[in-house]
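Numbering (the UniProt record's numbering), first residue to last: 1 to 163.
Backbone N, C-alpha and C define an ideal beta-carbon position, used for all residues, glycine too.
Nothing here was measured: the structure is a model prediction, and the numbers come from that model.
Worksheet: one structure, shown below.
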C-alpha cells in the first residue's frame, strides 16, 4: 500500500490521540467522514496501523522498577535462538526485546516492583532461558523519551517539468 500525505496525517493524529472519532479525524485531515473512514480501515487492513492501546504509567501498577538487560548467547544455532525467543515471549515482565547484530545478542527491557523482584526474575527465569551465556543489567534511572510517535517523513519535492 502506498501511504500518501493524507494517510500520513491520519497516522500522525492517531499516534497523538488514538481515541479520536472518525468525525474528528476527518475534520482535522480535511475529508468528509466516509472517505476518512475508508482510508482508516485500509491503513488497519494493510497493517500500517497495527492496533490501539492505552499508554499506562508502570508505577501506577506497582511496576516502577525498570531494567535494561544485555543478553549474550552461548550458542547461536537456529534451534537455540528459536527456543530462547519463544521462552522470552512467555516472561510477563519483559516489556520489549530486540535481537541485535553484534554484541550483545539481545537487549531486553523489563519492569518489576523493585530490585528484589528483579533479582528473582533474573535468577529464576532469565538466566535459565535456553542458550544464555551472560546477562548484564542496567537499572533505568528515568525515561527521557518514551512512547514518542514516529516522525513524519519529509516528502521530496516533485521534479519540475522541462518546458
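For residue i, which beta-bridge partners are listed by DSSP?
i           : result
residue 69  : 108, 137
residue 96  : 109
residue 132 : 73
Determine whether the beta carbon atoms of residue i and residue j lie at a separation below 8 Å.
i           : j           : result
residue 39  : residue 6   : yes
residue 76  : residue 121 : no
residue 73  : residue 3   : no
residue 135 : residue 71  : yes
residue 60  : residue 11  : no
residue 52  : residue 30  : no
residue 43  : residue 36  : no
For residue i, which residues in the same chain have their Cβ closer than 6 Å to its Cβ, ignoring the five residues on either side in sequence?
i           : result
residue 28  : 13
residue 46  : 1
residue 91  : 125
residue 152 : 8, 12
Buried or exposed, going by whether 16 or more other CB atoms sit within 10 Å of the CB of residue i?
i           : result
residue 112 : buried
residue 65  : buried
residue 110 : buried
residue 139 : exposed
residue 116 : exposed
residue 123 : exposed
residue 150 : exposed
residue 146 : exposed
residue 89  : exposed
residue 67  : buried
residue 57  : exposed
Please list, in chain order, all residues of the same chain as residue i whose beta carbon is under 8 Å from its beta carbon, the five residues on each side excluded.
i           : result
residue 130 : 80, 83, 84, 87
residue 114 : 65
residue 127 : 135
residue 23  : 33
Within 8 Å of any Cβ in chain C, is that where the Cβ of residue i sits?
i           : result
residue 123 : The structure shown has no chain C; it contains just one protein chain.
Can we count residue i as close to the ligand ADP, meaning its CB is less than 7 Å from some heavy atom?
i          : result
residue 81 : Summarising the ligand content, the structure contains no ligands, and the ligand ADP is consequently not present.
Apart from the five residues on each side of it in sequence, which residues of its chain come closer than 7 Å, Cβ to Cβ, to residue i?
i           : result
residue 103 : 72
Uninterrupted alpha helix (DSSP H) stretches inside the region 3-32 (no shorter than 4 residues)
5-16, 22-29
Runs of beta strand (DSSP E) wholly within the region 33-65 (minimum 3 residues, chain order):
none
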